[in-house]
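**Student:** Numbers in the working numbering are just positions in the sequence shown, counted from 1, shifted up by 494.
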Amino acid sequence: YFYDKYIQGEKIEWLSYAPHTLTQAREELFISGPLYPFLLAIIFWLAPLADFTFVRILGILFDLGANLLLMIVGIRLVGRLPALLAGLAYAVYFPFVLSSTLVLLDTSTIFWMLLTLYLLIRATEGNSRAYLFWAGVVSGLLTLNKPTAMLLAIPLIAGLYFYVRKKWPPALFIKRMLWYAAPLAVIVAGWVTVTSVHYGQLAVRNPSYAASNLRQSTSIEFEGYDLDIVEDDFWSRSITKDIIADPIGFVGLIVKKFDRMWRRPYNDFKRSLVLPWQADEVMHLILVFFGLAGLLLLSRLEFGLVAWLVFIIGYYTVIHLVFHSNSRYNLNAMPLVFLAAGHFVALLWSSWQQDTVNKGWRLAGALVLLLAAWQFKPDWVNAVFNTGVSHGMVIACLVLKSGLLSLGLLLLGKILVYDGCPRGRLLLILGSTAVICVTGWTMTLARNNWSEFECRLTNPHQVAGTRLYISELPVAKDGEIFAVAVDINTDYGPDATFVLSAGSTEQRLSWEDIRLKKMFYPKPVYQHYAYLIPLGAEAFRQYVIMPVADSLIREYLDRYGYLDIKISLEHDNETDNGWLSLWGNYSCPNDSQYIPGIRFTSINATSIERFIHEEDPRIHYPVKCLSDSTISYYISNDQDIATGKDLSPTPGVQLGRYNMFLLYIKPDSDFLIY
C-alpha cells in the first residue's frame, strides 16, 4: 500500500521476493541510515507528483554542491589548476552523472564529506570554533546518512592534525578538537541509543547484517562475493581459522578485492552519455592511474597538504578490503582521487612548458611503453610463434609487462621538472609499479585465470567437442544421475537453438527450453540487470546441463571406450551474424584443474554466481577430473582454422580442454566430474 500510494511514477519490477511492508522498510533504516530516507519522505510528502522527479533534482543538487566544494577544497590543498581539473573530471565522470539521478546514498555522502572537509579548513584559516562545531554537526549528519562513515572522523581528524601541526600546538589542537567532537558524539550517541534499544544490544546498525557481510567478504573459497546462496556452515565456521589455514590465499583475496574496487567505474547497467561505456572504463583507469601517480608525487611535498587525500582514500579502501568490495564503493573516494590526478596533470603540463632536452621523444616513448605494458598478452606470443600458452609463458610475459611499465614510468619521470626534490621520481616509478604489478600478477595467476579461452561457433557446419576416455564409471543408485555440463553463451537471443549430444544421446535445445530454466539458479540481480541493459539470459555465461541415462553412457563406453560430448548451432538462416561461444581452459593437467564453478544447491539447481561484466571471472573451483584422458576438437567447413580453436599449435600437441564435463550427481548435492 505504501509503495503503491507514494511511488507511482516508476516501474518497479520485484524479482524473486515480495515487496517490503512498511514495517520491513523501516528495518532498512538500521542498515542504510535514517537521514536520506528522511529527506526522501519529506519530498514524497510535499511533492505535488508522487514520483522520483524531485528526488532526482535533490540528487543533482547534491552533486553540483559536491563538485563546487571539491574545487574550493582543492584550491586550498593542491592549487587552482589541479582543483579546476578535478572539477572538470568530476563533471564528465559518468558514474557521478548516473548516481546523481538514482536513489543512492553516494552522492549525498560525498557532499556531506566534502562539506565537513571545507568547514575544517575554514576553521584553520580564521581560528574559528564555530566552523569546528558545524564541522562536527555535518560529520554527524554524514554518519546518519551512511553508517559506514562513522569512523571517517578518524582520518578527518588525523588529516587536520597534519594540516595545522605547524600552526596549532598539540595542546591547542586537542582543545579545538573538542568543539568538533562534541556535536558529533551527541548525534552518534543518539543514533546508537536508538539502534541499541531496537536490537536489545549495543549496535550502530543491524548486527546480523554486519556479521553476514564480514563472513561473506572474508570467504577465500568464494572470493568474497556477495552470494545469494551460502555454504551450510556459514554461521558456524571460524573466520580466524580460515585465514590461518590459508594466509597466502587470504592475501590474494585482499588483492582481488582491491582490484575489484578500483579497476572499473560504477556502471553495472552499461549506460552511456556522449561516450560509449567502454570509453568510460578506459577513462576511469587513466584517472585512477593519474591519481595514484599524483598521490605519490604529492607525498614528496608538505604531507599536511596530502594527508586528507591519503587518509580518506585509504579509509574507504581498507573498509572495503575488509567488507564487500565492488566498483560502486570507489565513488566516495573518487573526488579526492581527482584532486591527486589534477596535481599530476598540472605538474606534467608545467614541466612540458620548460625547455627540457628530448621531452617530445621521452613522452612518445613513455606512452608507447605504457600502452604496450597495458595491452601485451601471452596470446600475442602464441599467435606469432605457435608456442601455445603455458603457466611459464604467462609469468615471463608478466615480467616483461612489469619491465615495460617501469621503463615507461622512468621516461615519464624524466619529463617532470621537480622543485629540487628528485625523490618524487623514485616514488612515482617504484610506487606505481608496485601497486599495478601486485594487482596484475595476482589477478592473472590466481586460480589460473590466465588460461581461459573462447571457441566461437558461427554456423551449423562447425562443431566443438571433447572426447572423454573413462575406464571406470560407478553405477548410478537411487537418487543419483549422470548429466553433461557445457559452458556456453550466445547473442542469438532467446530463440537460439543448438544441438548438444553425449554419445548416442542428442537433444535440440533452446534458451527458452523449460528444462534449462529448471537446471540452474540465476541470481535475481542478474535477471534485473539483463532487463535494464537489456541482455537476455542467453548472453550470460552459464552451464547448460543435460541429464543422460546411465545405461546409454555405459553402452557407448563399452562399444567405443570413450564418451563423445559435442555441441553445434542449429539455425535455418545461415546469413545470421550471431554466434555461440564454448569456453575452455588451457591449463588442464590430468590430476586437477580450476574450472568455472558448478555449485549444486540441490540435484535440480546450480548457481551462476558472477558479476555482470564480461571480464569478471566466475568463481573457479579446484577439481580432480576422474577421466583417464581427454581430447578436445574443433571441426569446421572453413579451410583455414583460426589459431587456438583446434587447441593444437603443432600436430599431436593438445593445449587445453573445453569446459565440457560428465557429472555424476549424488543426492547430497555432491558430485564427481569427468
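Virtual Cβ for every residue (Gly too), placed ideally from N, Cα, C. This one's a predicted model, so the numbers in the text were calculated from it and none came from an experiment.
1) Measuring alpha carbon to alpha carbon, tell me which of I964, D1058, Y823 ends up nearest S998.
2) Whole angstroms is fine: what's the gap from T689's alpha carbon to A834's?
3) Can you list, in chain order, the residues of its chain with a C-beta nearer than 6 Å to that of W944? Leave out the 5 residues immediately preceding and following it.
4) What do you get for A705, buried or exposed, if any count of 16 or more other CB atoms within 10 angstroms of its CB means buried?
5) May I ask you to verify whether the stretch 1119–1130 touches the stretch 950–958, counting CB pairs closer than 8 Å and requiring at least 3?
6) Here's the rule I'm using: 16 or more other beta-carbon atoms within 10 Å means buried, otherwise exposed. How should P770 be labelled?
7) Relative to the C-alpha of V1170, which residue among I604, N876, L646 is closest?
8) Who pairs with E1032 in a beta bridge, going by DSSP?
9) Buried or exposed for D726, going by 16 or more other Cβ atoms inside 10 Å?
10) Exposed or buried, which one is W476 when buried takes at least 16 other CB atoms within 10 Å?
11) What separation, rounded to the nearest whole angstrom, lies between the Cα atoms of V749 and M755?
12) Given H837, which residues of its chain have a CB within under 7 Å of its CB, disregarding the five upstream and five downstream residues?
13) Using the C-alpha atoms, what's the distance from L894 back to V969?
14) When you compare only the Cα positions, how much space is there between K669 and V631?
15) Select from L898, W874, T642, V862 the residue whose C-alpha is nearest the C-alpha of H814.
16) Tell whether a beta-carbon distance below 8 Å holds between L635 and L529.
17) Is G1176 helix, strand or coil when you go by DSSP?
18) How many angstroms separate the CA atom of G1078 from the CA atom of W628?
19) Ends of the beta strand (DSSP E) at K1060?
20) I need the straight-line Cα distance from D774 to Y1054, nearest angstrom please.
21) Answer yes or no: do Y760 and S622 have a C-beta to C-beta separation smaller than 8 Å?
22) Can you give me the start and stop residues for the beta strand (DSSP E) that E948 sits inside?
23) Going by DSSP in three states, E966 sits in which element: helix, strand or coil?
24) Considering only the alpha carbon of each residue, which of L650, N700, S1121 lies closest to V465?
25) Considering only the alpha carbon of each residue, which of V682, R709, L708, N707 lies closest to L696?
26) Which residues does DSSP list as the beta-bridge partners of V1042?
**Tutor:** The relevant details are as follows:
1) Along the sequence shown, read from residue 1 onward, the residue named residue 998 stands at position 504. Taking only the C-alpha atoms, the option nearest S998 is D1058.
2) Taking the first residue of the sequence shown as 1, we reach residue 689 at position 195. Taking the first residue of the sequence shown as 1, we reach residue 834 at position 340. The straight-line gap from Cα to Cα measures roughly 38 Å.
3) Here the question's residue 944 lines up with position 450 in the sequence shown. Correct list, in chain order: V888, T938.
4) Position 211 of the sequence shown, counting from 1, holds the residue named residue 705. Classification of A705: exposed, given that the 10 Å Cβ count is below 16.
5) yes
6) In the sequence shown, the residue the question calls residue 770 occupies position 276. Exposed is the call here.
7) This structure cannot settle anything about residue 1170, because the visible part of the chain is limited to 495 through 1168.
8) For this step, residue 1032 is matched to residue 538 along the sequence shown. According to DSSP, which records beta bridges pairwise, E1032 is partnered with nothing at all.
9) Position 232 of the sequence shown, counted from the first residue, corresponds to residue 726. Exposed: under 16 other Cβ atoms inside 10 Å.
10) Coverage of the chain is limited to positions 495 through 1168, which leaves residue 476 absent and any answer about it impossible.
11) As a first step, residue 749 is located in the sequence shown; it is residue number 255 there, counting from the start. As a first step, residue 755 is located in the sequence shown; it is residue number 261 there, counting from the start. Near 10 Å, if we compare the C-alpha coordinates of M755 and V749.
12) Working through the sequence shown from its first residue, we reach residue 837 at position 343. Closer than 7 Å at the Cβ level, and outside the excluded window around H837, lie V572, P576, G788, L791, L792.
13) By 1-based counting over the sequence shown, the position of residue 969 is 475. By 1-based counting over the sequence shown, the position of residue 894 is 400. Cα to Cα, V969 sits roughly 51 Å from L894.
14) Position 175 of the sequence shown, counting from 1, holds the residue named residue 669. Position 137 of the sequence shown, counting from 1, holds the residue named residue 631. Using only the alpha carbons, I get a separation of about 17 Å.
15) Here residue 814 corresponds to residue number 320 of the sequence shown, with the count starting at 1. Nearest C-alpha to H814: T642.
16) Locating residue 635 in the sequence shown gives position 141, where the first residue counts as 1. Locating residue 529 in the sequence shown gives position 35, where the first residue counts as 1. In contact: L635 and L529 (Cβ atoms closer than 8 Å).
17) The requested residue 1176 is not part of the displayed model; the chain covers only 495 to 1168.
18) Position 584 of the sequence shown, counted from the start, is the residue given in the question as residue 1078. Position 134 of the sequence shown, counted from the start, is the residue given in the question as residue 628. Distance between the alpha carbons of G1078 and W628 is about 59 Å.
19) As a first step, residue 1060 is located in the sequence shown; it is residue number 566 there, counting from the start. That run of the beta strand (DSSP E) goes 1056–1064.
20) Within the sequence shown, the letter at position 280 stands for residue 774. Within the sequence shown, the letter at position 560 stands for residue 1054. Rounded to whole angstroms, D774 to Y1054 spans 53 Å at the Cα level.
21) Here the question's residue 760 lines up with position 266 in the sequence shown. Here the question's residue 622 lines up with position 128 in the sequence shown. The answer is no: Cβ separation not under 8 Å.
22) Within the sequence shown, the letter at position 454 stands for residue 948. In the DSSP assignment, E948 falls within the unbroken beta strand (DSSP E) covering 946–951.
23) Counting from one through the sequence shown, the residue named residue 966 turns up at place 472. In the structure shown, E966 sits in coil (DSSP, three-state: anything other than H, G, I, E or B).
24) Residue 465 cannot be examined here, being either before or after the span of the chain that is shown, 495 to 1168.
25) For this step, residue 696 is matched to residue 202 along the sequence shown. Nearest option by C-alpha distance: V682.
26) Taking the first residue of the sequence shown as position 1, residue 1042 is located at position 548. Paired residues: F976.
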